[in-house]
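To start, the structure under review is shown below, and the notes come after it.
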Amino acid sequence: MSDVTGFQLLWWVILPYLALATFVIGHVWRYRYDQFGWTSRSTQLQEKRLLKWGGPIFHYGTFAAIAGHVIGILIPARWTAALGIPETAYRWFSAGAGTLAAVLIIVGVGVLAGRRLFVARVRATTSPVDWVALVLLAVVIVMGIAETVGVGLLGHGYDYRQSVSLWFRGLFAGHPDVHAIAHAPFLYQLHATAAWAVIAVWPFSRLVHAWSAPVWYLWRPFVVYRSRVAARPNEPGTSGRRWRKIGVHY
Amino acid sequence: MRIMAQVCMVMNLDKCIGCHTCSVTCKQTWTNRPGTEYVYFNNVETKPGLGYPARYEDQEQWKGGWRLDRKGRLTLKSGSRARRLLSIFYNPNLPTIEDYHEPFSYDYAHLITAPAGTNAPSVSMRSALTGREMNPTWGANWEDDLAGAPARALDDPNIVAMQEKVKLDFESVFMFYLPRICEHCLNPSCVASCPSGAMYKREEDGIVLVDQDGCRGWRFCVSGCPYKKVYFNHRTGKAEKCTLCFPRIEAGLPTICSESCVGRLRYLGLVLYDADRVLSAAATPDSTDLYEAQLGVFLDPADPEVVAEAERQGIPHDWLVAARRSPAYALIARHRVALPLHPEYRTLPMVWYVPPLSPVTDVTAAAGYDESDPDAVFAAIDALRIPVEYLANLFTAGKVGPVRDALRRLAMVRAVMRAHQLGQHPAVEPADVGLSDDDADDLFRLLAIARYEDRYVVPPAHAENAGRLLAQHDLSGCSLETEGGPGMGGDGPSGYDAGVFHLTRRDADEPAVTGRDQRGRLHLRVDGGPA
Chain R
1 MSDVTGFQLL WWVILPYLAL ATFVIGHVWR YRYDQFGWTS RSTQLQEKRL
51 LKWGGPIFHY GTFAAIAGHV IGILIPARWT AALGIPETAY RWFSAGAGTL
101 AAVLIIVGVG VLAGRRLFVA RVRATTSPVD WVALVLLAVV IVMGIAETVG
151 VGLLGHGYDY RQSVSLWFRG LFAGHPDVHA IAHAPFLYQL HATAAWAVIA
201 VWPFSRLVHA WSAPVWYLWR PFVVYRSRVA ARPNEPGTSG RRWRKIGVHY
Chain G
1001 MRIMAQVCMV MNLDKCIGCH TCSVTCKQTW TNRPGTEYVY FNNVETKPGL
1051 GYPARYEDQE QWKGGWRLDR KGRLTLKSGS RARRLLSIFY NPNLPTIEDY
1101 HEPFSYDYAH LITAPAGTNA PSVSMRSALT GREMNPTWGA NWEDDLAGAP
1151 ARALDDPNIV AMQEKVKLDF ESVFMFYLPR ICEHCLNPSC VASCPSGAMY
1201 KREEDGIVLV DQDGCRGWRF CVSGCPYKKV YFNHRTGKAE KCTLCFPRIE
1251 AGLPTICSES CVGRLRYLGL VLYDADRVLS AAATPDSTDL YEAQLGVFLD
1301 PADPEVVAEA ERQGIPHDWL VAARRSPAYA LIARHRVALP LHPEYRTLPM
1351 VWYVPPLSPV TDVTAAAGYD ESDPDAVFAA IDALRIPVEY LANLFTAGKV
1401 GPVRDALRRL AMVRAVMRAH QLGQHPAVEP ADVGLSDDDA DDLFRLLAIA
1451 RYEDRYVVPP AHAENAGRLL AQHDLSGCSL ETEGGPGMGG DGPSGYDAGV
1501 FHLTRRDADE PAVTGRDQRG RLHLRVDGGP A
């Protein structure tokens, strides 16, 4: 680690850890203090023609992309090798399935971004922190697509599993491989940087709705009854304040 | 038998003059906030007409409420649970703001800031969604008093269900107002549609509410409600609905729409029902039998066996006394003059309506009959197919018998009381319409001269039960809340607030609310809840 500069340490270790800490603490704080603001902020009431296509295509494309990241970043290359999957096969799968996800996402994002930017009713519902999160997300997505399609499918390919993945998994193991990420191509560095920026902003934006995916609904009884219990006092120091009060402009 | 109590409303449509006072006071009380400009927990519609949102009654379009599947089991009209979850990114059955109206205000500042000129400045409409100038094209009272009816009212789903040739004839003479609030159904499809489990029916009084902290804005309740009485707050991203003014109901007061009703046409009272029978009633095969099926769910509060069982199941004594005095139960079950709105949605709605007799007598007069002659009115009720069929499409899924019976009873009361006033011998007897003399007298008092305390029999909530439940709750509560601990135990600064509800923590020895159903997972009470 002797050849790691202070800047590299800051950029690839300290800031990612700060982002992760913000992610965890921010979610705990938001969940405890802002149940009222925790929502998907749907704008279907205002506009439905574009959402009909953009919403599902983007979200299902995102699920594909998340699955791809689990395979490519979280699962070590030696595991897939141990399963007898050769590196070339992995790469073709990565480029192929990744490109499919990329096409879905770019179409979905295109529709949704156009909707958010140019449909006045939708634009008006966007809070500043949502703008930050959505712009960062757009950077992540554009870089990710450039990597998957530009490098993986059309270019010479780049074995991120020997660099970016090592660094990323190392963050959770407690010894991030700074060298690996610091010498990765700039495209991948920007992708990773924007990603941990999104992580840091996540708990304060509308992205929290992702954790509320109501899968429990499949098993729940249809009709829910509740019975009266006494109210609890407000959380100390909040005087019942919420994250975003009714009537306050976005 | 699992006995539950429900606060139920009955509206006497004969008395509604369409003044919108209920809508205005409701709006001032509940929805005068940004994000709820277009939201009317209470609205008054002119019938025939499209309603608000437009054509909400057409469930082939909106897919609200329940239906029976091929095997006769009750299922949501919008499809399976998995299908809803898969369409969570775009709800195909959700109305857009155009189906309500684009909310607006006026740029009042212009009156002051306009430059000096020869003409007085005027204000223009500004959209509350975008702040831009706009023109209205539809709204909650757009079709008041049949405004625009020749062009649009024929699209009323209740007319579409009738035959072509009768339409224009009656549209020119037959009109009444329909005030609508949330139905607080016994089998609420909005609650069943909510993926987050944030909507619930209160065990104590049956009021259906949205937990604003639990709502995640998935918006299936809006499309799931066939009455379109759950709204999406476009500022907060959460669903909101009529609360039946629960803070007032808990204090023993009528809802604000009832309190302010100029025509005194609303009645509030308890109805006892058997929760075990709800599901089979909602799954009645023939939709025209749903009215009778729902009557079969209700329990007679004067029946000693029912009273004894209800007391054993923990319904407070004063609530049972109130249930015996309930004007709602009297109008619905004892006199059978009140009917449910669109029982074919299979939600077992709990806001019922006394159908309007006056438009029928108007038609009688127009047809050359003497409307003071009860025989003529009776004949008209039988002969005038159009208004009765229209009312049947509204209240009994198209079955004219109950509507006809209710109208005859109303006509009987008028005839008997008119004869009584004039010292004549009445041409009809209560027995002609299946009522006793006492029933007729009771019906007259209820419909004509009932005082405030007779129209609104609302027992106050029992907050002491809430305290008992809290004691149980605390056993599994925060470890810091022990005596002398640093937690926030105790009454808190404002004491117990009876208006806040949490998921029930159940005792092991307490029976579940209802466990029986065709699939084994409807109508079970939730233990704990979503994390």
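As they're listed, the protein sequences go chains R and G. Going left to right, the first sequence walks through residues 1 to 250 as this note's numbering numbers them. Going left to right, the second sequence walks through residues 1001 to 1531 as this note's numbering numbers them. Yeah, the Cβ is synthetic: ideal placement off N, Cα and C, and Gly gets one too. Only a predicted model underlies this, so the values are computations on that prediction, with no experimental measurement involved.
The beta carbon of residue 1145(G) sits closer than 8 angstroms to those of 1018, 1046, 1175, all from its chain and outside the five residues before and after it, given in chain order. Assigned with DSSP and collapsed to three states, residue 1157(G) falls in helix. Taking C-beta separations shorter than 6 angstroms and ignoring five residues to either side along the sequence, the partners of residue 199(R) in its chain run 19, 23, following chain order. Under the 8 angstroms Cβ criterion, the region 1197-1205 of chain G does not count as touching the region 1071-1080 of chain G, having fewer than three qualifying pairs.
Distance between residue 1127(G) and residue 168(R), taken at the CA atoms: about 48 angstroms. Of all residues in the region 54-70 of chain R, those with a C-beta nearer than 7 angstroms to a C-beta of chain G are 55, 56, 59, reading in chain order. Taking a contact to require three or more Cβ pairs closer than 8 angstroms, the region 1009-1027 of chain G and the region 1215-1225 of chain G do not qualify as touching.
At a cut-off of 8 angstroms between C-beta atoms, residue 1234(G) counts as an interface residue with respect to chain R. For residue 182(R), the closest Cβ of chain G is not nearer than 8 angstroms. Under the Cβ criterion of 8 angstroms, residue 1245(G) is not counted among the residues facing chain R.
Closer than 8 angstroms to the CB of residue 1188(G) there is at least one CB belonging to chain R. DSSP assignment within the region 1386-1454 of chain G yields the following whole alpha helix (DSSP H) runs of 4 residues or more, N-terminal first: 1400-1422, 1437-1444. When DSSP reads this structure, residue 1006(G) sits in a beta bridge with 1271(G). Contact annotation: residue 191(R) and residue 144(R) have beta-carbon atoms nearer than 8 angstroms. Following the DSSP letters along the chain, one finds residue 1118(G) in no beta strand (DSSP E), marked with neither H nor E. Contact of residue 1319(G) with chain R is not assigned, every C-beta pair being separated by 8 angstroms or more. Fully contained in the region 1077-1139 of chain G are the following alpha helix (DSSP H) runs of length 4 or more, in chain order: 1081-1086, 1110-1113. Not a single CB atom of chain R sits nearer than 8 angstroms to the CB of residue 1283(G).
Between the C-alpha atoms of residue 1154(G) and residue 1139(G) there is a straight-line separation of about 18 angstroms. Of all residues in the region 209-225 of chain R, only 209, 212, 213, 214, 215, 216, 217, 218, 219, 220, 221, 222, 223, 224, 225 come within less than 9 angstroms of chain G when Cβ atoms are compared, listed by chain position. Around the beta carbon of residue 148(R), a 10 Å sphere encloses 16 or more other beta carbons of the protein chains shown; the residue is thus reported as buried. Taking every protein chain shown into account, the CB of residue 1123(G) has fewer than 16 other CB atoms within 10 angstroms, so this residue is exposed. Listed by position along chain G, the residues whose Cβ is nearer than 7 angstroms to that of residue 36(R) are 1212, 1213. With at least 16 other beta carbons inside 10 angstroms of its own, residue 177(R) counts as buried. Within chain R, no C-beta atom comes nearer than 9 angstroms to that of residue 1406(G); the closest sits roughly 29 angstroms away. Three or more Cβ pairs closer than 8 angstroms define a contact, and the region 1086-1102 of chain G meets that threshold against the region 1047-1063 of chain G.
Listed in chain order, the alpha helix (DSSP H) elements of length 4 or more contained wholly in the region 2-63 of chain R are 6-9, 15-33. Look at residue 1280(G) here: in three-state DSSP terms it is helix. Contact annotation: in the region 89-123 of chain R, residues whose CB is within less than 7 angstroms of a CB in chain G are 120, 121. Separation of the CB atoms of residue 1213(G) and residue 1049(G) is rounded to 37 angstroms, and the pair is thereby denied contact status at 8 angstroms. By the neighbour-count definition (other C-beta atoms within 10 Å, threshold 16), residue 154(R) is an exposed residue. In chain R, no part has a C-beta under 7 angstroms from the C-beta of residue 1256(G); the shortest such distance is about 19 angstroms. A Cβ-Cβ distance of about 15 angstroms is found for the pair residue 1001(G) and residue 1186(G), leaving them out of contact under the 8 angstroms criterion.
Taking a C-beta distance under 8 angstroms as the contact criterion, residue 196(R) and residue 15(R) qualify as a contact pair. Beyond the five residues adjoining it in sequence on each side, residue 1306(G) comes within less than 8 angstroms, by CB distance, of 1003, 1272, 1299, 1300 in the same chain, given in chain order. One thing to note: residue 1009(G) has its Cβ within 8 angstroms of the Cβ of residue 1266(G).
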